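So this note's numbering is basically just the index in the sequence shown, starting at one, shifted up by 4.
Yeah, the Cβ is synthetic: ideal placement off N, Cα and C, and Gly gets one too.
No experiment lies behind these values; they were computed from the predicted model shown.
Okay, so here's the structure we're looking at.
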Amino acid sequence: MRSVLVVVGAVVIGYGGWLMLSTQDLAQAGAIVAWSVVAIVVHDLVLVPLVLALGWLAARCGVGDRTRSAAIAVLILMGPVSLAAVPVFLGLGADPDMPTLLGRDYRRGWIALALVVIALSTGLSALRLVSTRKRGRSTHGADPRRG
Numbered sequence: 005m006r007s008v009l010v011v012v013g014a015v016v017i018g019y020g021g022w023l024m025l026s027t028q029d030l031a032q033a034g035a036i037v038a039w040s041v042v043a044i045v046v047h048d049l050v051l052v053p054l055v056l057a058l059g060w061l062a063a064r065c066g067v068g069d070r071t072r073s074a075a076i077a078v079l080i081l082m083g084p085v086s087l088a089a090v091p092v093f094l095g096l097g098a099d100p101d102m103p104t105l106l107g108r109d110y111r112r113g114w115i116a117l118a119l120v121v122i123a124l125s126t127g128l129s130a131l132r133l134v135s136t137r138k139r140g141r142s143t144h145g146a147d148p149r150r151g
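Structural data, given as structure tokens:
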């Protein structure tokens with residue numbers, strides 16, 4: 005499965021690169037590359053340490069493993085999405101001559117996505133808890149010394 009995902013990811017990245025080079029002029033492609041480099045640096049120097057610090061802090065405050073795992077999953081998913089959304093949140097690229105260019109409420113969309121990610125993370129965590137408890141009862145319910 006991992007190999008399939010790697011191949012699909014490589015194909016999608018290749019297609020995106022081809023689209024960027026074939027539909028953008030050199031200045032636009034340069035701006036995309038520059039923004040991508042900044043995004044990688046901010047991810048590695050801000051988001052990753054922040055998630056690690058919050059995970060460490062949660063462990064020190066006694067937050068349970070399942071809750072901490074679910075919260076970290078939400079942070080891992082929403083951090084890069086939030087980083088990518090900063091330009092539209094700030095209205096960068098808006099053009100008064102093209103009012104439909106940034107004609108949506110992107111904050112509402114971000115909040116909706118965050119709620120979906122939180123709900124899915126919470127639901128999967130609860131499902132894992134129920135599954136673990138069911139397995140625990142069936143494997144530990146009988147006294148193994150009586151075999």
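With contacts defined by Cβ atoms closer than 9 Å, Ala-75 and Ala-62 form a contacting pair. The Cβ atoms of Val-55 and Gly-83 lie closer than 9 Å to each other. The residues Leu-105, in chain order, have a CB closer than 8 Å to that of Asp-99 in the same chain once the five nearest residues on each side in sequence are set aside.
Residue state for Asp-69 is assigned as helix, using DSSP reduced to three classes. Taking Tyr-110 as reference, the option from Leu-124, Ile-44, Leu-128, Ala-88 with the minimal CA-CA separation is Ala-88. Scanning the region 18-102 for uninterrupted alpha helix (DSSP H) segments of 4 residues or longer gives 30-46, 52-64, 69-93, listed from N- to C-terminal end.
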